[in-house]
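Taking it in order: structure first as structure tokens, then the write-up.
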Amino acid sequence: MASSDHIYKADDYSKNIQRRCSEILDLPPSCIEFVPREKSSTTTGPTDSDNYFIVGTYHLQASASTEPNEVPNDEDNDDDEEPSSLPMPQERNGSLNLFNLRDKKLTTSSPVGENHFGKTIKHMTTHQVFPPDILVLSITWVPTTKESQIPMLVTTINTGEVHLIKFSNWEFEGYEILNDEMPICRHDAEAWIAAVCPSLNHVYTGGDDIQLEIVDANLKGMNEDTAVEAEFTSSGKVRGHDAGITAILPLPFLENRMFLTGSYDDTILLYTISPGRPARLLNDLKLGGGVWRLKFLEEHSLAKEAEGALKWRILASCMHAGAKILELDFDGAQSWKITEVGYVKEHKSMNYASDVQPLMPSCINGGQLDSVKERLVVSTSFYDKLLVVWTYDPQFSI
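Just so you know, the sequence shown maps onto residues 299 to 696 in the numbering used here.
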């Protein structure tokens, strides 16, 4: 990792965001995830001991010069025929890097297995689920609430297929592709993203074919030790974007089915679905850059649900428009509003990966969300390999 503080402009950041530090990575960053909080922790605000996160990188080797393919020594070959010339296949590589943020300084422990500050990345197992020429474009874990539940994930691949995979145990020693190894749905182009409804009864998927697919499935029953038989039914398609769908974020309702979608068309859309009815568009917002991923800053509503009002804050990774903070508000009547409340424009080359430090469990369970004054966020950009750490303070305006 090359340690370098990137040059930036003051207007690259909204007034409610404070830049803390940055690094230039060795390889382009493609994904990022904070290490979950310790369940026993009672602190409500950020602490240095919890500032661990993992960055995944992706690198496509530059195409090698074409080399003549060997022509078999066959008497039928014409001596004057030139050997065919085809490009050599490109190779992909990447890395996992564990970071710790302490006193506004980043340190890293890499490769897997090294230990410089107490935590390590441990390799558990490897499974070749799909042929080597297939690209896995996203994985989404099915939420579990009990230790008896078996780990499952939804995966999307570049052929447009979406598969549900069930592991044998939490050591991931074996796996099974459910639905008789057939996809639970299929897009006509790359399947970019999948999301699981909070009730675990539906899977939403988005593809480069501009379609949002909705699949009915009893995932809660499937990840029990005594699993029910896997059944999957397509219950509808939604087409509201003008380009491929790359982000899906279900709202944390068990009763109402609502979700946000993001797309290459620079727009996020808010939908609701009622049983037996098509999806209904509630609101939309143009963000000025392709919306690659959406993530809650906190999954619990900031407003008092007893009074009917709801509010969530959302971190949006916008490919060529940087990272943004959004607020999604419901006024308690019928009106939903989406507002941009913060931005980071320092990223100039494809913001694919951003994440926010998780809240302490005591903060969530104790209903102390309003006491959290700022949130720690890490955002990245791909081609310039830039990683930036910043804090967002909701007390101040944009």
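Glycine residues also receive a C-beta, built at the ideal position from the N, C-alpha and C atoms.
Item                                                                                                                                                                              : Value
Going by Cα to Cα distance, which pick from G458, L547 and V676 is closest to P496?                                                                                               : L547
Can you tell which of G519, E474, F470 and L435 has the C-alpha that lies nearest to the C-alpha of V460?                                                                         : L435
So, for R318: in the same chain, excluding its five sequence neighbours on each side, which residues have a beta-carbon less than 7 Å away from its beta-carbon?                  : K402, V687, W688 and T689
Alpha carbon to alpha carbon, how far is M556 from H304?                                                                                                                          : 39 Å
When you compare the stretch 349-362 with the stretch 323-331, are there three or more beta-carbon pairs, one atom per stretch, that lie closer than 8 Å?                         : yes
Could you please give me the residues that DSSP links to F628 through a beta bridge?                                                                                              : L608 and W634
So for D563, helix, strand or coil by DSSP?                                                                                                                                       : coil
Got a sec, what are the start and stop residues for the alpha helix (DSSP H) G519 sits in?                                                                                        : L517 to M520
Between which two residues does the beta strand (DSSP E) harbouring L462 extend?                                                                                                  : E459 to F465
Looking at the unbroken beta strand (DSSP E) that takes in A450, where does it start and where does it end?                                                                       : In the sequence as displayed, the identity of residue 450 is Met instead of Ala. Unbroken beta strand (DSSP E) run through M450: M450 to I455.
Which residue from Q509, V501, D506 and S393 puts its Cα closest to that of N516?                                                                                                 : V501
Can you grab the Cα-Cα spacing for the pair K444 / N521, in whole Å?                                                                                                              : 10 Å
Between the stretch 527-540 and the stretch 587-600, can you find at least three pairs of beta-carbon atoms closer than 8 Å?                                                      : no
Grab me the residues of S647's own chain with a C-beta within less than 7 Å of its C-beta, minus the 5 sequence neighbours each way, in chain order.                              : S679, F680, Y681 and D682
Does G504 pass the burial test, meaning 16 or more other C-beta atoms within 10 Å, or should it be called exposed?                                                                : buried
Under 8 Å by Cβ, that's how I've got V440 and V494 pegged, so tell me the actual separation to the nearest angstrom.                                                              : 6 Å
Kindly list the residues whose CB is nearer than 7 Å to the CB of I636, restricted to its own chain and excluding five residues on each side of it in sequence; keep chain order. : I566, L568, N581, L583, L624 and L626
For F332, report the span of its beta strand (DSSP E) as first-last.                                                                                                              : P327 to F332
Which residues in the same chain have their Cβ closer than 6 Å to the Cβ of S312, if we skip the five residues on either side of it in sequence?                                  : G640, Y641 and I696
So is L567 in contact with chain B if we call contact Cβ pairs under 8 Å?                                                                                                         : No chain B is part of this structure, which consists of one protein chain only.
Helix, strand or coil, according to DSSP, for A619 in the structure here?                                                                                                         : coil
Between which two residues does the beta strand (DSSP E) containing P548 stretch?                                                                                                 : I543 to P548
Tell me, which residues are paired with E321 by DSSP?                                                                                                                             : L685
So which of L685, D653 and G392 has the shortest CA-CA distance to E331?                                                                                                          : D653
In whole angstroms, what is the alpha-carbon distance linking I543 and S561?                                                                                                      : 4 Å
Use the C-beta contact count for H645: other C-beta atoms within 10 angstroms, 16 or more gives buried, fewer gives exposed.                                                      : buried
Please list, in chain order, all residues of the same chain as N477 whose beta carbon is under 7 Å from its beta carbon, the five residues on each side excluded.                 : L462, A528 and F530
Go ahead and label S320 buried or exposed: buried means 16 or more other beta carbons lie within 10 angstroms of its beta carbon, across all protein chains shown.                : buried
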